[in-house]
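2 protein chains.
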Amino acid sequence: MAEFMTETEQPSPAVPHPGTAGERQGRTGDSAGPLDGQEAAALLERTRDLVDPELRAALESLPGSMRRIALYHFGWQHADGTPASGNAGKAIRPALVLAAASALGGPAARTAALRAAVAVELVHNFTLLHDDVMDRDTSRRHRPTAWTVFGSADAILAGDALQALALRLLAEDPHPASGPAAARLADCVVELCAGQHADTAMERRAPGEVTLDEALAMSEAKTGALLGCACALGALYAGADGEDVAALDGFGRQAGLAFQLIDDVIGIWGDPRHTGKPAGADLEARKKSLPVVAALSSGTEAAAELAQLYGEAHVSGDAEGIARTALVVERAGGRDWAQAEAADRMARAVQELSRALPAPESAGGLLALAEFVTRRTS
Amino acid sequence: MAEFMTETEQPSPAVPHPGTAGERQGRTGDSAGPLDGQEAAALLERTRDLVDPELRAALESLPGSMRRIALYHFGWQHADGTPASGNAGKAIRPALVLAAASALGGPAARTAALRAAVAVELVHNFTLLHDDVMDRDTSRRHRPTAWTVFGSADAILAGDALQALALRLLAEDPHPASGPAAARLADCVVELCAGQHADTAMERRAPGEVTLDEALAMSEAKTGALLGCACALGALYAGADGEDVAALDGFGRQAGLAFQLIDDVIGIWGDPRHTGKPAGADLEARKKSLPVVAALSSGTEAAAELAQLYGEAHVSGDAEGIARTALVVERAGGRDWAQAEAADRMARAVQELSRALPAPESAGGLLALAEFVTRRTS
């Protein structure tokens, strides 16, 4: 989850893109189709307009010491406490909560689900604060991470406070869905923790020791779980039955995995002019991202070469070495696999969604949002 | 909260001890009065019997990676995952939940409040896991702390998971008090975070820069808040009205402050044969505990001497220097103040309790537990 939605605007890395259940949408140039990114962008903007006042009110309720760190993390204050214009992220998760509520229960459900949307965003940001401490990441949303500014202890405490705030919002919500939603969100937190644990544990192991199934399970727990939970909470607030809630959870999970696959492709082959990161940053960090694990477990000659490269000591700024490693991952089939797998996961996401919403037109913003996170053109 | 209830059996450091509302209990030798520690010991044992199965069931529901760390932290597993006899602490907080429920609502309320008791114990242990990481404490309940065994990242994650588990228990509880209880527990977590922040911030400041009011406010947030919350949750499950819930919260807070004062006295003048720590451990660590801050702000000659001693570089194992420092704190009135303040806080606790329970005999185990945590004879 650490890497999710924190990056600059990026063009699609030429990923073969799935449409809705076998029916590809026109996608050339500025086509005004519903899935061309404009609908998603509008949805995200509307979500920020709805969510931000509630989110800020929740943060303002914190004691001064915690509020300061939280407002910095969300981009609403500079480190010295003066107001900042803000870059609180793209609000994908709250947008999924609201879109799911709307798709299954109409505008009234969407309005009712606002606190749940804020709670999900708070949980997401609690995990970002903690993951940055654990991973020693120094930059997020183009600013120094909170722990680099306030110290690890305060970043941990602010994360703890945001988790509490999230569950408090639901505990105070008189809506009948708030109890099941809180239980589900708490379960999701536990899954996110297990996912982050698996990620750090994987990174410590030798390149050849990580299986693709493990890497996929880790990504599902670390990235898919909260997207699934966001959709499930929206469904709960729409009064959906258990099967529909599970279908929405499945939709979010699979879309989340598709996103992670694309994010990992960008982490290797993304254009630094768009990603804001040096080319092949993930390779330089010897990260066992999904394309790398796929390449390592491909049984090809290139796999053995990659294992050797990954076993070598890290050389900082070795652009030639990174380019060579990227080529080896590609020769071992890591890029093709990731792109095909992303397409497959998107297809599964659409399939899950159709269990709860058989008519594609009723899926509302959900498909647009899923397209958005996997296409990354806006 | 880091230091609370983690220590060996300790004798009372000759604290002037308050009885119930002006009426001192006989307290010589093995007197069998209700407040001689036997009632509290029996209550705590019964609480462990009730709470442990639920607590273990909650921990068993965690994914393997998180379960392992949690079971180690609670003393139920060794680091290698083999079963351990367990030392999960004295269960003061769950005992307060159950005693408060029982005092205000009888046996049925006590039974109903069991999940809340487990939730409070989970929150307490989440904060211990995180505080140990932040404070770099290496020992807890006579065992290496979780972060020294599993690393900081895993200890942070296990703490996160325990917070989620606590709020999930309440979210799933069909009892009408569970929503208000969850909101209150989440608020308490935020207060605990602010308290821990204040503690670490205070420790970084120069000795003369910390006021006694600040130190007391920090202790109230860090130690008093969760004891108050425990009592308040018990009251909520007994169906008490807002005033009685507030009174129970006040009782727990004041008793928690009394405890912290006594704990701080022990941290300086405690007998190492009983505390299991070297004499004057808090002084060696230059900790700004309550007696030290009181001494520093006493305006006496000894205060100036203490400020100078605290400003000097720490010398490890300098028994003579520590003994001299302890004497200076005492000469500056730090010990007397702490003992008098503890007695005053206990009197306030009893007063708060009498607002909700005018007849002392109906206070049940609450007074016995408050006496227990401040007397520390068993």
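Protein chains in written order, with the working numbering: chain A, 1 to 378; chain B, 379 to 756. Where is the CB? At the ideal position from N, CA and C, for every residue including glycine.
- In this structure, DSSP gives Arg664/B a state outside helix and strand, which the three-state scheme calls coil.
- Counting the other Cβ atoms within 10 Å of the Cβ of His142/A gives fewer than 16, which makes it exposed.
- Below the 9 Å Cβ cutoff, chain B contributes Gly529, Ala531, Asp532, Leu535 as neighbours of Thr200/A, in chain order.
- For His575/B, the neighbours in chain A by C-beta distance under 8 Å run, in chain order, Ser65, Met66, Ala153, Asp154, Leu157.
- About 4 Å separates the beta carbons of Leu122/A and Ala166/A, which is inside the 8 Å limit, making them a contact pair.
- Secondary structure remark: continuous beta strand (DSSP E) runs of at least 3 residues inside the stretch 102-170 of chain A: none found.
- Close partners of Met218/A in chain B (Cβ separation under 9 Å) are lacking, with about 11 Å as the shortest Cβ gap.
- Assigned with DSSP and collapsed to three states, Pro461/B falls in strand.
- Per DSSP, the beta-bridge partners of Gln77/A are Pro83/A.
- The Cβ atoms of Gly712/B and Val751/B lie no closer than 8 Å to each other.
- Proximity of Ala524/B to chain A, defined by a Cβ-Cβ separation below 8 Å, is not satisfied.
- If you draw a straight line from the Cα of Ala681/B to the Cα of Gly695/B, it is about 23 Å long.
- Within the stretch 170-192 of chain A, those residues whose Cβ lies closer than 9 Å to any Cβ of chain B are, in chain order, Leu170, Ala171, Glu172, Asp173, Pro174, Ser178, Gly179, Pro180, Ala181, Ala182, Ala183, Arg184, Leu185, Ala186, Asp187, Cys188, Val189, Val190, Glu191, Leu192.
- Judged by beta-carbon spacing, Glu361/A lies beyond the 8 Å limit of Gln254/A, meaning their Cβ atoms are not closer than that value.
- The Cβ atoms of Ala701/B and Gly658/B sit closer than 8 Å to each other.
- Taking a contact to require three or more Cβ pairs closer than 8 Å, the stretch 529-538 of chain B and the stretch 479-495 of chain B do not qualify as touching.
- It is roughly 35 Å from the alpha-carbon of Leu50/A to the alpha-carbon of Leu290/A.
- Here the C-alpha atom of Met512/B lies approximately 26 Å from the C-alpha atom of Val120/A.
- Leaving aside the five residues that flank Phe504/B on each side, the residues in its chain whose CB is nearer than 6 Å to its CB run, in chain order, Gly537, Leu540, Gln541.
- Using a 10 angstroms sphere on the CB of Ser676/B, the tally of other CB atoms reaches 16 or more, which defines it as buried.
- Annotated as distal: Leu594/B and Cys609/B, with beta-carbon spacing of 8 Å or more.
- The beta carbon of Ala477/B sits closer than 7 Å to those of Leu421, Gly612, Gly742, Gly743, Leu744, Leu747, all from its chain and outside the five residues before and after it, given in chain order.
- Straight-line measurement puts the Cα of Ala349/A at about 22 Å from the Cα of Thr47/A.
- Residue Arg664/B holds the alpha-carbon nearest to the alpha-carbon of Tyr688/B among Arg471/B, Ala457/B, Arg664/B, Leu547/B.
- Sixteen is the threshold: when 16 or more other Cβ atoms of the shown chains lie within 10 Å of the Cβ of Asp173/A, as they do, the residue is buried.
- Looking at the backbone, the Cα of Ala603/B and that of Gly256/A are separated by about 39 Å.
- When rounded, the separation of the alpha-carbon atoms in Val329/A and Leu296/A is 8 Å.
- For Ala279/A, no alpha helix (DSSP H) segment is defined, and its DSSP state is neither H nor E.
- Within the stretch 660-744 of chain B, the runs of alpha helix (DSSP H) at least 4 residues long that lie entirely inside it are, in chain order, 668-674, 679-689, 697-709, 712-734.
- Under the Cβ distance rule, Leu611/B does not count among the residues neighbouring chain A, no pair being separated by less than 8 Å.
- The C-beta distance from His73/A to Leu129/A rounds to 6 Å, short enough to meet the 8 Å contact threshold.
- Boundaries of the alpha helix (DSSP H) around Ser597/B: 590-597.
- Note that the C-beta distance between Asp622/B and Ala721/B is not below 8 Å.
- Distance check between Val527/B and each of Thr589/B, Ala448/B, Asp565/B places Ala448/B closest, using alpha-carbon atoms only.
- Distances from the alpha-carbon of Arg709/B to those of Ala636/B, Gln717/B, Leu684/B put Leu684/B closest.
- If you draw a 10 Å sphere on the C-beta of Gly81/A, you find fewer than 16 other C-beta atoms in it, and that means exposed.
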